[in-house]
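Each number in my numbering comes from the position in the sequence shown (counting from 1) with 7 added on.
Heads up, the beta-carbon is just placed ideally off N, CA and C, and yes, glycines get one too.
Given the structure is predicted, the values throughout are model-derived calculations rather than measurements.
See below for the structure under consideration.
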Amino acid sequence: MHPAINHLAQLPASERLDLVQELWDSIRESRNELSIQEWHRELVKTRLTDLDGHEEERSISRKEVWQQVDERRGS
């Protein structure tokens, strides 16, 4: 575990979320430094192929998304 995690864990949740976003942004900016293994490329390709032509089966409205979130939360 990174030594700074104890300090970071004490920050308010909103600040930690901001930090997570900043970390993701920095990873995206450095994506050329990351290698993607061939098995992962193949998995993504397979999943994209499976989705092609099935948009109606995977698309739901924003309202439905929030209904599912509320159901999972038990709200």
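CB of residue i within 8 Å of CB of residue j, strictly
{"i": "Leu-15", "j": "Leu-26", "result": "yes"}
Rounded straight-line distance, which links the Cα of residue j to that of residue i
{"i": "Glu-29", "j": "Glu-40", "result": "17 Å"}
{"i": "Ile-34", "j": "Glu-78", "result": "33 Å"}
{"i": "Thr-56", "j": "Ala-11", "result": "41 Å"}
{"i": "Gly-81", "j": "Val-72", "result": "14 Å"}
{"i": "Ile-67", "j": "Glu-22", "result": "31 Å"}
{"i": "Glu-49", "j": "Leu-58", "result": "14 Å"}
{"i": "Leu-18", "j": "His-9", "result": "16 Å"}
{"i": "Val-51", "j": "Ile-43", "result": "11 Å"}
{"i": "Ser-37", "j": "Trp-31", "result": "10 Å"}
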